[in-house]
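**Q**
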Amino acid sequence: MILWNEDALIGGHAALDFSNTVDDQDKLREISRISDWSTFLEWAKVSSMFSNKQIDALENEIQQTEIPRLLANIHALRETEYAALSCIVSGEIKPNVAMQTLEAGIKTAINNSSWVLDDISYKWAVNRDNPHWVIDVLTLSIEDLLRSEDITKLKECGRCTWMFLNKGRGRGRQWCNMSTCGNRAKSASFRSRKQ
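In structure tokens:
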């Protein structure tokens with residue numbers, strides 16, 4: 001089964017594609033698509049989040065003994081991101097635990113990084129000597145999303161917990177993907193009208 005095709009990368013930002021790494025046909029987020037290190041590597045390769053050098057380091061420099069803790073931290077960050085973004089979508093502006101946790105992680109990631117020129121603009125470059133560099137890459141992508149104007153276009157699928165940037169006119173998209181959640185919602189609506 002191919003986990004990381006174009007239907008899995010519909011968020012409109014790499015940080016949203018990271019949040020969406022759950023199999024979710026409801027609102028429970030119980031099944032992680034990043035179930036082991038190999039599935040994380042597959043996702044990292046198709047996401048736009050990691051450079052080629054970072055992918056090489058993920059494949060060759062991460063110690064087997066580090067992987068269980070690293071995967072647990074990846075899952076925890078993903079769920080913290082989801083909780084914080086869910087609050088943004090719902091219009092909750094008061095400080096919350098998820099946003100405070102993200103803020104602390106962002107400060108740490110920036111502290112572990114250097115400000116470098118990338119072609120014509122500047123960006124944060126993580127220090128791979130830091131044992132938390134993988135989490136820092138993920139966290140800085142979330143920070144990039146939170147600072148962007150696109151955050152005002154953030155939506156959550158009406159059927160699952162996947163998030164995306166609604167770049168359409170007016171109300172725009174209601175579903176993460178019409179071929180999955182959109183069709184399921186239409187089928188459910190059709191069945192309820194028939195009864």
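Just so we're aligned: the sequence shown equals residues 1 to 195 in my numbering.
The beta-carbon is built from N, C-alpha and C at its ideal position, and this holds for glycine as well.
These figures come from a predicted structure and were not determined experimentally.
(1) Checking 9 Å against the spacing of the C-beta atoms, do residue 162 and residue 52 come in under that value?
(2) Note the first and the last residue of the continuous beta strand (DSSP E) segment covering residue 125.
(3) Kindly confirm or deny that the region 58-66 and the region 106-121 touch, where touching means at least three C-beta pairs closer than 8 Å.
(4) Are there 16 or more other CB atoms within 10 angstroms of the CB of residue 122, so buried, or fewer, so exposed?
(5) Can you find the residues in the same chain that come closer than 8 Å, C-beta to C-beta, to residue 113, ignoring five residues on each side of it along the sequence?
(6) Apart from the five residues on each side of it in sequence, which residues of its chain come closer than 7 Å, Cβ to Cβ, to residue 14?
(7) Out of 164, 96 and 65, state which residue places its alpha-carbon closest to the alpha-carbon of residue 9.
(8) Could you have a look at residue 99 and say whether DSSP puts it in helix, strand or coil?
(9) Can you tell me where the beta strand (DSSP E) with residue 28 in it begins and where it stops?
**A** Reading from the atomic positions:
(1) Along the sequence shown, read from residue 1 onward, the residue named residue 162 stands at position 162. Along the sequence shown, read from residue 1 onward, the residue named residue 52 stands at position 52. The answer is no: Cβ separation not under 9 Å.
(2) Locating residue 125 in the sequence shown gives position 125, where the first residue counts as 1. For residue 125, the uninterrupted beta strand (DSSP E) run begins and ends at 121-126, by DSSP.
(3) no
(4) Residue mapping note: residue 122 aligns to position 122 of the sequence shown, counting from 1. Classification for residue 122: exposed.
(5) Here residue 113 is taken as the residue at index 113 of the sequence shown, counted from 1. Non-local C-beta neighbours of residue 113 in its own chain, meaning closer than 8 Å and more than five positions away in sequence, comprise 124, 125, 126, 127, 136 and 140, ordered along the chain.
(6) As a first step, residue 14 must be located in the sequence shown, where it is residue number 14. Excluding residues within five positions, the ones whose Cβ falls inside 7 Å are 47, 48, 49 and 141.
(7) Within the sequence shown, the letter at position 9 stands for residue 9. Of the candidates 164, 96 and 65, the one whose C-alpha sits nearest the C-alpha of residue 9 is 164.
(8) Position 99 of the sequence shown holds residue 99. In this structure, residue 99 counts as helix in the three-state DSSP scheme.
(9) Taking the first residue of the sequence shown as 1, we reach residue 28 at position 28. Run containing residue 28: none; DSSP gives neither H nor E here.
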